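First up is the structure itself, then whatever we jot down about it.
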Amino acid sequence: MSDAILCRFEAARSIVRDAADLAMSMRPASGGPSGTQKSAQDWLTEADGAVEALISTRIGALFPEDGFQGEEEGRTRTGRLRWVVDPIDGTSNFARGRNRWCVSLGLLEDDLPVAGIIQAPALNETYTAVRGRGAFLNGRPIHASPVDDTRSAMIEMGWSSRVPTGVFEDKVATMLRLGAMPRSGGSGALALADVACGRLDGYLEMVINIWDVAAALVILDEAGARTSPFVRDGGLERGITILAAAPRIADDLAAALDVPLG
27 MSDAILCRFE
37 AARSIVRDAA
47 DLAMSMRPAS
57 GGPSGTQKSA
67 QDWLTEADGA
77 VEALISTRIG
87 ALFPEDGFQG
97 EEEGRTRTGR
107 LRWVVDPIDG
117 TSNFARGRNR
127 WCVSLGLLED
137 DLPVAGIIQA
147 PALNETYTAV
157 RGRGAFLNGR
167 PIHASPVDDT
177 RSAMIEMGWS
187 SRVPTGVFED
197 KVATMLRLGA
207 MPRSGGSGAL
217 ALADVACGRL
227 DGYLEMVINI
237 WDVAAALVIL
247 DEAGARTSPF
257 VRDGGLERGI
267 TILAAAPRIA
277 DDLAAALDVP
287 LG
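Using our numbering, count along the sequence shown one by one with no gaps and you end on 288.
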């Protein structure tokens, strides 16, 4: 990977740490949700905008020639290298003072994810990867699960109000028929990171956006997980399906869930 990418990655690690500290300082107390509800189970808090603004300003000052896209403000700058941020992934958890949320920042070179940082400050965990250099959790190498039988698998599925009624139930029923244990944790980025480090054996979300996965895609690749072709199938421009899975059960999961892998 080029020196330009590595330089940006090191700078981004410091920026994400500061953004995570800001988010922690703004996290609501435990209890009923604090924020604005955009749609069913889709929340917006003051921290979302503040964290995105911090990252955008700092990245723009260091690398003014780079593109930038955030969940809240959209694509505000263009460039061959593009930063994509989800300032608070898992906002429904964050809004209730829960711990399962993160700051996710990915770097794309043209259409190729080349670096990613997912920091979950309430969990004291940071996932990182640069293409060709491995994937890490808190500085230690991570790898996808060796599970080779779906009857031993733990699979998470993300819920979204954008998915037609019945689809979530049908896919979870399929997982149960495979003998897998379903889960749903409220953060797509962290679920994908869990696949990368072997805590989960698969993750499915029927409609997910680039800011949710930009950091995770390179982490998954470097950890040896298999994924559906998110970029090729149009995920840079609209919300589409993603499946990530441990390599030894990936084909069985993809066939059962009817989600082709790349």
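Ideal Cβ positions, reconstructed from N, Cα and C, are used throughout, including at glycine. The structure presented is a predicted model; accordingly, all values stated were derived computationally and were not measured.
- Can you tell me whether Asn235 is buried or exposed, with buried defined as 16 or more other CB within 10 angstroms of its CB? Per the 10 Å Cβ criterion, buried.
- Whole alpha helix (DSSP H) elements within the stretch 82 to 146, 4-residue minimum: As far as the stretch 82 to 146 is concerned, its whole alpha helix (DSSP H) runs of at least 4 residues are 117 to 120.
- Where are the beta strand (DSSP E) runs, 3 residues long or more, that stay fully inside the stretch 214 to 281, in chain order? Scanning the stretch 214 to 281 from its first residue to its last, the whole beta strand (DSSP E) runs of 3-plus residues come out as 228 to 234, 266 to 271.
- Using 10 angstroms around the beta-carbon of Ala87, count the other beta-carbons present and answer buried if the total reaches 16, otherwise exposed. Flag for Ala87 reads exposed.
- Distance, Glu231 Cα to Asn119 Cα: Using only the alpha carbons, I get a separation of about 17 angstroms.
- Query: Leaving out five residues before and five after Glu97 in sequence, what residues of the same chain have Cβ atoms less than 6 angstroms from its Cβ?
  - Reply: In its chain, beyond the 5 residues on either side, Asp112, Trp237 have a beta carbon closer than 6 angstroms to the beta carbon of Glu97.
- Message: Out of Arg106, Ala222, Leu218, Thr191, which one is the CA nearest neighbour of Gly93?
- Response: Scanning Arg106, Ala222, Leu218, Thr191 for the CA closest to the CA of Gly93 turns up Arg106.
- Task: From the DSSP output, read off the bridge partner residues of Ile181.
- Result: For Ile181, the pairing in a beta bridge is given by DSSP as Pro208, Gly228.
- In its own chain, which residues sit with a C-beta less than 6 angstroms from the C-beta of Gly261, not counting the 5 before and 5 after it? Correct list, in chain order: Ile236.
- Any idea if Val239 is buried or exposed, counting beta-carbon neighbours within 10 angstroms, 16 or more meaning buried? Val239 is buried by the Cβ-count criterion.
- Query: So Thr22 is in the alpha helix (DSSP H); what residue range does that whole segment cover?
  - Reply: With the chain covering 27 to 288 only, the question about residue 22 has no answer from this structure.
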